[in-house]
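**Student:** Sharing a structure with you now.
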Amino acid sequence: MQLAAARVFVRDIVAARDYYEKCLGLELGHDGTDEGFCRFDTGQVQLVVELVTADEPPEEQAMVGRFTGLSFGVDDVMAAHAELAARGVRFVGAPERQFWGGWLATLVDPDGNEMQLVQFPG
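FYI, the numbering for the sequence shown is -19 to 102, going by this note's numbering.
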C-alpha cells in the first residue's frame, strides 16, 4: 500500500488554486474549480485541495484553517524559504533546526492551513 493523495480544505477554491500553483509553484494536474477541487502533481503523492462551503456541517468547517501535518521536502530550506517568501508565501517564522538534525519552516495558505517545508539531514 502506498500513500496516493493528501487533502487540504479551503473556503475559496479559486484563490487556493492560484496560491498553490503560482505562489508555491506546484503543477496543476487537474483544475476542477467548477466541481470544488483542484489536484496538484507533487511527485508520488497528489495534493488535492477541496472546497468547504459555508453551508457545510461544523465538522467539515473545522477542517479549514488548521495544521495539516503535510511537509514538502526541499534540498535547501533556507533558499526555498527565501524564494517562496519573495512570491508572497506567509511563514510563521524563520526555518528552525530540529533536534533530529533536519530543518522545518511552517507556511500558511490563504485559508490558514499550515504546512511545512522539510529539509532532512544529510
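Even for Gly, the Cβ is constructed at its ideal location relative to N, Cα and C.
None of the values given here were measured: they were computed from a predicted structure.
State the CB to CB distance for the pair G73 and Q99, rounded to an integer number of angstroms; the pair is presumed to be in contact (CB under 8 Å).
**Tutor:** The Cβ separation is near 15 Å, so there is no contact.
**Student:** Since I believe F71 is in contact with A61 (beta carbons under 8 Å), could you give me their beta-carbon distance rounded to a whole number of angstroms?
**Tutor:** The sequence given here places His at residue 61; Ala does not occur at that position. Confirmed, Cβ separation roughly 7 Å.
**Student:** Just confirm the distance between the C-beta atoms of V54 and L97, as a whole number of angstroms; I'd bet it's less than 8 Å.
**Tutor:** 5 Å
**Student:** Return the CA-CA distance between D91 and M(-19), expressed in angstroms with no decimal places.
**Tutor:** 31 Å
**Student:** From this set, G102, A(-14), F79, E76, which residue's C-alpha is nearest C18's C-alpha?
**Tutor:** A(-14)
**Student:** Across the region -11 to 1 and the region 20 to 40, are there enough close Cβ pairs to call them in contact, namely three or more that are closer than 8 Å?
**Tutor:** The region -11 to 1 is in contact with the region 20 to 40.
**Student:** Is the CB-CB distance between G12 and F20 below 8 Å?
**Tutor:** no
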